[in-house]
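Residue numbers (this note's numbering): -13 to 701.
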Amino acid sequence: VCLDWKSALAHLSLHVQGRISRLVGQIVAASQQWRIHRTTRCLHPPLGGGYSVGAIGSSVCREARDGACVGYAEEDKTDKASAGIIRAGAEETPTCEAVTDSNAVSTKCAQNKCDVTIGGNPYCSQCSTAAEFPINGVCTTTIDGNTCTTGGVCTQCKDGYFLHKGGCYKKGEEPGSLICKDATGTAGKCQACADGYFKNSDTAATTDSCVACGDENCATCTVGAEQQKCSKCKTTGTKTYLKGDAGAGTCVTEAECTTNNDHYTDSSDTSSLVCKACSTIVGCSTCSSGTACTKCTDENYLKTVSGVTTCVTDCGEGYFKHTATDSSLKTCQSCSGTNNNLDPAGAGVAGCAACTYDSAKVTCTKCGTGKYLKSDGTCADSCTANTEFVKNDPTNGNKCVSCGDQTDGVAGCSECSLLPSASRSSATLIKCTKCGNSKYLKEGTCADKAECTGTTFPKEDNSNGNKCVPCNDSTNGGVADCTACALTTDSSRTTLVTCSACSGNKIVKTADGATSCIDESACNNGFFVKESGGSKTCEACDSTCKTCSGAATQCTSCNPDKPYLKKTQSTNQTGTCTTEQECTNDNTHYADDADPKTCKACAEGTFEGCETCEKSTEGAVACKTCGPQKKIRPDKKGCIDASPPDVSTEKSGVCECVEGYTLEGGNCASSSANKSGLSTGAIVGISVAAVVACPVPLTGYLPLYDEQSKQSYYC
-13 VCLDWKSALA HLSLHVQGRI SRLVGQIVAA SQQWRIHRTT RCLHPPLGGG
37 YSVGAIGSSV CREARDGACV GYAEEDKTDK ASAGIIRAGA EETPTCEAVT
87 DSNAVSTKCA QNKCDVTIGG NPYCSQCSTA AEFPINGVCT TTIDGNTCTT
137 GGVCTQCKDG YFLHKGGCYK KGEEPGSLIC KDATGTAGKC QACADGYFKN
187 SDTAATTDSC VACGDENCAT CTVGAEQQKC SKCKTTGTKT YLKGDAGAGT
237 CVTEAECTTN NDHYTDSSDT SSLVCKACST IVGCSTCSSG TACTKCTDEN
287 YLKTVSGVTT CVTDCGEGYF KHTATDSSLK TCQSCSGTNN NLDPAGAGVA
337 GCAACTYDSA KVTCTKCGTG KYLKSDGTCA DSCTANTEFV KNDPTNGNKC
387 VSCGDQTDGV AGCSECSLLP SASRSSATLI KCTKCGNSKY LKEGTCADKA
437 ECTGTTFPKE DNSNGNKCVP CNDSTNGGVA DCTACALTTD SSRTTLVTCS
487 ACSGNKIVKT ADGATSCIDE SACNNGFFVK ESGGSKTCEA CDSTCKTCSG
537 AATQCTSCNP DKPYLKKTQS TNQTGTCTTE QECTNDNTHY ADDADPKTCK
587 ACAEGTFEGC ETCEKSTEGA VACKTCGPQK KIRPDKKGCI DASPPDVSTE
637 KSGVCECVEG YTLEGGNCAS SSANKSGLST GAIVGISVAA VVACPVPLTG
687 YLPLYDEQSK QSYYC
């Protein structure tokens, strides 16, 4: 095909234009941000140079508004396809060809009028010939009923079309569908603009319905004072995050958003991704992707809950405040977390719901549901049997309380059991069963050994624990029915105490150093009831006594080793017990073998007046001496005032029968037969003028009374 020189030049210009367009597109795709000067020049960052805004269609700046370049040349096909600008695999062909001078060429756009960018491709806004008009951005004579009259532009579009930059674009087909989402609607107007365009507030069939946003990655935008401001980015491509306030932002990649750690990506609304400043998180100074604040302002602590970070002044229950050693970071750490790599260390407690921290250790103060706080600050599923008890507290958390806890337990207690609910009070929850630390269990409390007095006594038991045992606990060394006692010093006894008082009418009995409580009537057989200060005790008789009364040495009967009861007085029923030798040692007593054996005074009974006496080997007792003015009877069984005349005489203080009389049956009897007819035992006073019978005769004698001498005689 032969071309004239003008056509050849135009073809060459178009070829060069395409090459430059691809180069610029690659540079645009690699840039990180756009810098738009409000001047008559358009800056492209990577190139660092300016291009005349008037050079629209020069394959660099495709569209300018208010002195700023808002539409650039085509990008590389691969980049545009990945960005969703063109369909991947589509053949790349020029969408607009413009003449290079003022000469009109059929189907070509007027010079510098390939200034409409749709989907990244240039389209015509004015045709070079007067008979052709831009329908769907292409110069044609087929206007399909649209109002296109002069100057190569359309001024009004019919139903199914809408007006956009001097051309009529069909709804529902590309490229019109890339501008207008409204497939039907009002004739000549678009009622719903596509992403990257905003609706003209002065919508009419004779005006543009949709105005392109200044950022090709922008989905929706608003009109600013000098240029369009993006309020929402496209969800396809790489620059999907809106950075800056809505209506004044730019579209950036995730990396561009978070490069300086002063912004973070918010993807909570997948239809509108946002690059937010870290300062939008209250108290935050630096952050990372998502809503992850990484550092707060000085007065705040960084708190992360379910992946969401906030800056707070109070970490709240379940967390504790942690400040790094170098003070570079303040955080809220979980009371139950592992909290690895903290400096200083601050490992939490598993199951903990509230805690404190002292820059060295986390101390749990409340456990979570179903857990019990132990005294060592850990959380457990149950409490240790015997040494701990459960205290349920829905407000402050359930606890395992040590038996020895001074607030809820018993001070000094090492083992305990929880009281039945009916027996508990606000102050008493447990029954202590064993004390520790040298304490003694006393009526549910733990006392010092010195406190085990009065009604109790101390008992040491390394296995079951020391106790203050009640005095009446006979199974533990006490005395049955005892109400007051003291610890004995004899450790060999099974009974560990000496009882000093008994319950009821019982009295204390002491035997062989041991005490017991008995009825008073049972105090016998070697024991006697002793009364002192209004109280009674059962005491042992003296070892010589078999029985006694009133005092230990007041015997009423004697033991075999000292069988003779020596009464203190002949009329008393008590005395001391002696041997026969002890009884007769001073001859004032004699041993009477009649049952019961007694040690009798010589003057007792028939030996009246006798001071000393002795007992023959045959067992007969004879008076040896009498008191003053007394004489020994002839039968030596007593003392008399004088010897009877004529029938007896005195010899060495002893009455003897005179000659002609002999001692018979203890009497002085005549040796010859009695002439008077009296019996042999009769005694008659011969020479006494006036004799009367004595009122009380002595054994073996007939008492006579001499009226003249006023004396009694035994004849």
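A virtual CB, placed ideally from N, CA and C, is assigned to each residue, including glycine. If you're wondering where the values come from, they're calculated on a predicted model, not measured in any experiment.
Assigned secondary structure, residue i (DSSP; H/G/I helix, E/B strand, else coil)
| i | result |
| --- | --- |
| Gln142 | strand |
| Asn462 | helix |
| Ala408 | helix |
| Ala508 | helix |
| Cys264 | helix |
| Lys552 | strand |
| Cys534 | strand |
| Gly162 | helix |
| Lys453 | strand |
| Glu437 | helix |
| Thr592 | helix |
| Pro444 | strand |
| Ile672 | Note that Ile672 has pLDDT 30, beneath the 50 cutoff, so the model's placement of it is unreliable and no number is given. |
| Cys207 | strand |
| Glu477 | The question names Glu, but residue 477 is Ser in the sequence shown. Ser477: coil per DSSP, three-state reduction. |
| Ile129 | coil |
| Gln312 | What sits at residue 312 in the sequence shown is Asp, not Gln. Asp312: coil per DSSP, three-state reduction. |
Residue i - containing alpha helix (DSSP H), residue span
| i | result |
| --- | --- |
| Cys569 | 566 to 570 |
| Glu242 | 240 to 244 |
DSSP bridge partner residues for residue i (one or two, in chain order)
| i | result |
| --- | --- |
| Gln319 | Phe306 |
| Ile121 | Val124, Cys154 |
| Lys99 | In DSSP, Lys99 forms no bridge with anything. |
| Asn107 | Ile104 |
| Gly561 | Cys541, Lys553 |
| Gly174 | Phe148 |
| Gly235 | Cys216 |
| Val607 | Lys601 |
| Cys625 | Ile618 |
| Lys281 | Thr272 |
| Thr192 | DSSP, once it has assigned bridges, lists no residue as partnering Thr192. |
Residue i versus the options, residue with shortest Cα-Cα distance
| i | options | result |
| --- | --- | --- |
| Thr592 | Ala606, Lys583, Asp581, Asn107 | Ala606 |
| Ala116 | Cys216, Lys94, Lys552, Ser507 | Lys94 |
| Gly354 | Pro380, Ser529, Thr370 | Pro380 |
| Ala537 | Ser529, Phe514, Thr523, Asn558 | Phe514 |
| Asn132 | Ala90, Cys541, Lys144, Gly123 | Lys144 |
| Gly395 | Arg410, Asn382, Gly383 | Arg410 |
| Cys531 | Gln555, Lys583, Cys338, Ser322 | Lys583 |
| Ser424 | Ala408, Asp447, Phe443 | Asp447 |
| Phe306 | Thr324, Gly293, Asp312, Ser314 | Thr324 |
| Asn458 | Leu473, Thr127, Ser449 | Leu473 |
| Asp194 | Lys215, Thr208, Cys166, Ala310 | Cys166 |
| Ser521 | Val294, Ser489, Cys318 | Ser489 |
| Ser274 | Thr208, His249, Ile267 | His249 |
| Cys585 | Ser271, Cys207, Gln555 | Gln555 |
| Ala336 | Thr461, Gly182, Cys365 | Cys365 |
| Thr475 | Cys350, Gly499, Cys418, Tyr155 | Gly499 |
Continuous beta strand (DSSP E) stretch holding residue i: start and end
| i | result |
| --- | --- |
| Ala198 | 196 to 198 |
| Pro614 | Pro614 -> no beta strand (DSSP E), and no H or E assigned at all. |
| Lys347 | Note, Lys347: premise wrong, no beta strand (DSSP E); not H, not E. |
| Glu706 | Not covered by the structure: residue 706. The range shown for the chain is -13 to 701. |
| Asp252 | 249 to 252 |
Any non-hydrogen atom of the ligand GDP within 7 Å of residue i CB
| i | result |
| --- | --- |
| Ser114 | For the ligand GDP, the structure offers nothing, since it holds no ligand at all. |
Cβ neighbour criterion (16 or more within 10 Å) applied to residue i
| i | result |
| --- | --- |
| Ser114 | buried |
| Leu578 | Correcting the residue identity first, residue 578 is Asp in this sequence and not Leu. Per the 10 Å Cβ criterion, buried. |
| Ser477 | exposed |
| Glu83 | buried |
| Thr81 | buried |
| Ala655 | buried |
| Gly293 | exposed |
| Thr170 | exposed |
| Ala589 | buried |
| Ser254 | exposed |
| Asp344 | exposed |
| Glu525 | buried |
| Glu374 | buried |
| Ser558 | Going by the sequence as given, residue 558 is Asn instead of Ser. So Asn558 ends up on the exposed side. |
| Ser368 | exposed |
| Gly152 | buried |
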